[in-house]
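This report concerns only the one structure given below.
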Amino acid sequence: MKKTISVKLLIAFYALFCGCNSRQNSAIGVVQTYAQSIVNIDLHGAISCIENGEEVLSYVAEAAGTSMSDMEDMVQMIRSACANGLGPQMSYEIVSQNINGDYGTVSVAFTIEMGYGERAGSHTYTENIPVYRYGGVWWIGEGHTEDIMELWSRIKNITEFYGSF
Numbered sequence: 004m005k006k007t008i009s010v011k012l013l014i015a016f017y018a019l020f021c022g023c024n025s026r027q028n029s030a031i032g033v034v035q036t037y038a039q040s041i042v043n044i045d046l047h048g049a050i051s052c053i054e055n056g057e058e059v060l061s062y063v064a065e066a067a068g069t070s071m072s073d074m075e076d077m078v079q080m081i082r083s084a085c086a087n088g089l090g091p092q093m094s095y096e097i098v099s100q101n102i103n104g105d106y107g108t109v110s111v112a113f114t115i116e117m118g119y120g121e122r123a124g125s126h127t128y129t130e131n132i133p134v135y136r137y138g139g140v141w142w143i144g145e146g147h148t149e150d151i152m153e154l155w156s157r158i159k160n161i162t163e164f165y166g167s168f
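Quick note on my numbering: the sequence shown kicks off at 4 and runs consecutively.
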C-alpha cells in the first residue's frame with residue numbers, strides 16, 4: 004500500500020512540475036506542448052499530455068515485456084541519432100482549431116526532413132488531434148475514461164512513432 008501511494012505521489016509530482024501541466028489551461032497549449040514533445044523526442048513530455056499517461060505507459064512497457072528503463076534508453080538512442088544528423092529533423096505548426104465547449108480538435112502540420120541517402124527530402128502531414136477538458140485541465144484524447152485499454156490506444160501512436168526509426 005505504501006509503495007502504491009509513493010508511486011502515485013511521484014507521478015503527481017512529475018505531472019505538476021514537468022511536461023504538459025503548465026500549458027494545459029487551453030486546448031492550444033496542451034497541443035503545443037504535445038507537438039513540441041514529439042519534435043523533441045520527449046516521450047515523457049508527450050505522455051504527460053494524456054490523462055494518466057505515465058501509468059498507462061508503465062502498463063504498456065510491462066505488457067510488451069520490457070521495462071520503462073529500456074524504453075527510455077531507446078528514446079535516448081533515437082534522440083542522440085537525430086541530434087547527430089542520423090535521423091529526421093521535425094517541426095510543427097498549428098494549422099487550425101475547432102473547439103466546442105469542453106471538446107474539440109486541433110490540426111497540426113508536422114514536417115519531417117531527412118537529409119541523407121535515398122530518403123533525402125521532406126514530408127509534411129497534418130494530424131487532427133482530439134482534445135478535451137476534464138476537471139478544468141485540457142488533455143489529448145476523446146474524453147475522460149478510466150478504461151486502461153482506451154488510454155493505451157491514445158499513447159499507442161506515440162510509442163509506435165518512436166519505434167519506427
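A virtual CB, placed ideally from N, CA and C, is assigned to each residue, including glycine. Values in this document were obtained by computation on a predicted structure and should not be read as measured data.
Simplified DSSP assignment, three categories, for residue 69
To locate residue 69, count along the sequence shown from 1; it is residue 66. Coil, per DSSP.
Across the segment 99 to 118 and the segment 58 to 77, are there enough close Cβ pairs to call them in contact, namely three or more that are closer than 8 Å?
In this structure the segment 99 to 118 does not touch the segment 58 to 77; the number of beta carbon pairs closer than 8 Å is below three.
Please state whether the Cβ-Cβ distance between residue 54 and residue 144 is less than 8 Å.
The residue you call residue 54 lines up with position 51 of the sequence shown. The residue you call residue 144 lines up with position 141 of the sequence shown. The answer is yes: Cβ separation under 8 Å.
Could you give the DSSP three-state label for residue 116: helix, strand or coil?
Counting from one through the sequence shown, the residue named residue 116 turns up at place 113. Three-state result, residue 116: strand.
Within the continuous beta strand (DSSP E) that includes residue 147, where are the two ends?
The sequence position of residue 147 within the sequence shown is 144, counting from 1. Run containing residue 147: none; DSSP gives neither H nor E here.
Which residue's Cα is closest to the Cα of residue 29: 81, 100, 125, 73?
As a position in the sequence shown, residue 29 is number 26, starting the count at 1. With distances taken between Cα atoms, residue 29 lies closest to 100.
Beta-carbon gap between residue 52 and residue 33 smaller than 8 Å:
Along the sequence shown, one-based indexing puts residue 52 at 49. Along the sequence shown, one-based indexing puts residue 33 at 30. Residue 33 sits close to residue 52, with the two beta carbons spaced by under 8 Å.
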